[in-house]
Amino acid sequence: LKLFERAGLAPAYVNFVAGAPMIAAAQSKSIDVASLGTVPFLIGLSQGLDWVMIGINPEGAYIEGLVTRKDSGINTVGDLRGKRIGFFKGSTAHYGLIMMLRQLGIRRDQVTLLHMSPAEQLTALKNKDIDAAMVWEPWMQRMVYEANAKIVGTEGDIGIYTHVSGYCVRRDWLRDNREAAVRFLRALVMAHDAMKKDYTVGVRALAEAMGINETWAETIYKNAPPPKIHEWANPRYNYSLAKDSALHRRLGRLGTFLLEENIITKPVDVSKVMDASVISEVLRTWKGPSSSEQSR
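Quick note on numbering: my numbering labels position 281 of the sequence shown as 276, and the sequence is numbered without any gaps.
Structure, rendered in structure tokens:
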């Protein structure tokens, strides 16, 4: 659709396989805008990277969850006692798993927690080396279809809404390039409105980006539709960028968790890490279709 170009930008795309090199690239100023999860965002802050979140990528609560072998004896998340669970340390899935266990009253010494990458979790499920995995898409689909597994529950099912990605920029870059930031979000609004008219555009893009078939991509897309961009500045929206919003409070709790788990070595100050002013500026002058979305 060339929406960034239509907004007056000429972006250069850089792919990263993990958050750490993206943090390094932002610190060296070799990238200006990063799309990354809440955990690497907070890790970057703990390392002295002065950046802010100006937008939300997918709402991910329903595309991260517990996947189990069909013969594991796990039919609900309450059946985890005595089981071997794979997870990736320092991820939102790590946080989601521990919060899930806490909600169920399951102590850590009542399960076996094994740190492994999503690819290793897939292999371990196939080989019956673990009973369950706490993981995100598209690995959930791969486990279902390649490891004879089933999805028992997602983080959203139990009220955990931490798995979300954000569009993050250095504070000094935003100060000096505010018009570019406005144009960037204007292009995202155009993309949002285009996908509201024809969601298959998003499905095809997701399939290509993840290297998966469109059937899997459609399942993922339906569970994680585009965020309600017209509501980003609305403090009542579950993923609002407004100060003291639900997402803002969740970032604070996640930062505390990362410190307790020794993922970061010092506390992070999240009081000013989200900036709703850019999207507010975009929406004030937006001439596209009006939003009928309701906050949630």
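Even glycine gets a Cβ: it sits at the ideal position worked out from N, Cα and C.
Open item on the list: Please tell me whether A88 and V130 are closer than 8 Å, where the distance is taken between their beta carbons.
Closed with: yes
TODO: Report the three-state DSSP secondary structure of N52 (helix, strand or coil).
DONE: strand
Task: Exposed unless 16 or more other CB atoms sit within 10 angstroms - verdict on R165 - done: buried
TODO: Return the bridge partner residues of K145 from the DSSP annotation.
DONE: T63
Task: Local conformation of W134 per DSSP, three classes - done: Three-state DSSP puts W134 in a helix.
TODO: For A202, I'd like the list of residues in its chain whose CB is within less than 8 Å of its CB, leaving aside the five on either flank, ordered along the chain.
DONE: The answer, listed in chain order, is N208, E209, W211 and A212.
Task: C-beta contact flag for I328 and M95 at 8 Å - done: No answer is possible for residue 328: it lies beyond the span of the chain, which begins at -4 and ends at 291.
Task: Nearest to T214 (by Cα), restricted to the options S240, G55 and M185 - done: Distances from the alpha-carbon of T214 to those of S240, G55 and M185 put G55 closest.
Open item on the list: Does L246 pass the burial test, meaning 16 or more other C-beta atoms within 10 Å, or should it be called exposed?
Closed with: buried
Task: CA nearest to the CA of V12, picked from L31, S41 and K78 - done: L31
Open item on the list: Would G60 and I258 be called neighbours here (beta carbons separated by less than 8 Å)?
Closed with: no
Task: Candidates R173, V177 and Y216, of which the one nearest Y194 by Cα - done: Y216
Task: Assumed close pair A189, L4 - CB separation to whole angstroms, cut-off 8 Å - done: Not confirmed; about 16 Å, so no contact.
Task: Euclidean distance between Cα positions of K65 and I155 - done: 24 Å
Open item on the list: Less than 8 Å between the C-beta atoms of I69 and N218, yes or no?
Closed with: No. Outside cutoff.
Open item on the list: Is it buried or exposed, V196, if we count other Cβ atoms within 10 angstroms and call 16 or more buried?
Closed with: exposed
- [ ] To the nearest angstrom, report how far apart N229 and P222 are at their CA atoms.
- [x] 13 Å
Open item on the list: Mapping the DSSP letters down to three states, classify I38 as helix, strand or coil.
Closed with: I38 carries a helical assignment under DSSP once its states are collapsed to helix, strand and coil.
Task: Pairwise C-alpha distance: E115 and D104 - done: 23 Å
- [ ] Counting only the same chain and skipping the five closest in sequence on each side, list residues whose C-beta sits under 8 Å from that of W277.
- [x] Note that residue 277 corresponds to Val in the displayed sequence, not to Trp. Result list for V277: V177, L180, R181 and V184, in chain order.
- [ ] Work out the CA separation of Y90 and L109 for me, nearest whole Å.
- [x] About 14 Å.
Open item on the list: Let me check understanding here. Comparing Cα to Cα, which of G151, S266 and R279 lies closest to I224?
Closed with: R279
Task: Proximal residues to N52 (C-beta, below 6 Å), its chain only, five neighbours per side dropped - done: S30 and S160
Open item on the list: I'd like the ranges of any alpha helix (DSSP H) spanning at least 4 consecutive residues and lying wholly in the stretch 221 to 247.
Closed with: none
Task: Residue burial classification, G81 (beta-carbon count within 10 angstroms, cutoff 16) - done: buried
Open item on the list: Run through the DSSP bridge pairs and tell me what W46 is partnered with.
Closed with: DSSP, once it has assigned bridges, lists R165 as partnering W46.
TODO: Please work out which residues of its chain come closer than 7 Å, Cβ to Cβ, to A144, disregarding the five sequence neighbours upstream and downstream, and give them in chain order.
DONE: Closer than 7 Å at Cβ, skipping near neighbours: V62, T63, R64, K65, L120 and M138.
Open item on the list: Given a cut-off of 8 Å on the beta-carbon distance, is the pair G250 and V265 in contact?
Closed with: Yes, they are a contact pair.
Task: Span separating the alpha-carbon of A127 from that of I101 - done: 15 Å
Open item on the list: Please classify P6 as buried or exposed, where buried requires at least 16 other C-beta atoms within 10 Å of its C-beta.
Closed with: exposed
TODO: Just grab the DSSP bridge partners of H110 for me.
DONE: F82
Open item on the list: Closest to S275 by C-alpha separation, out of R173, D45, G206 and Q42, would be which residue?
Closed with: R173
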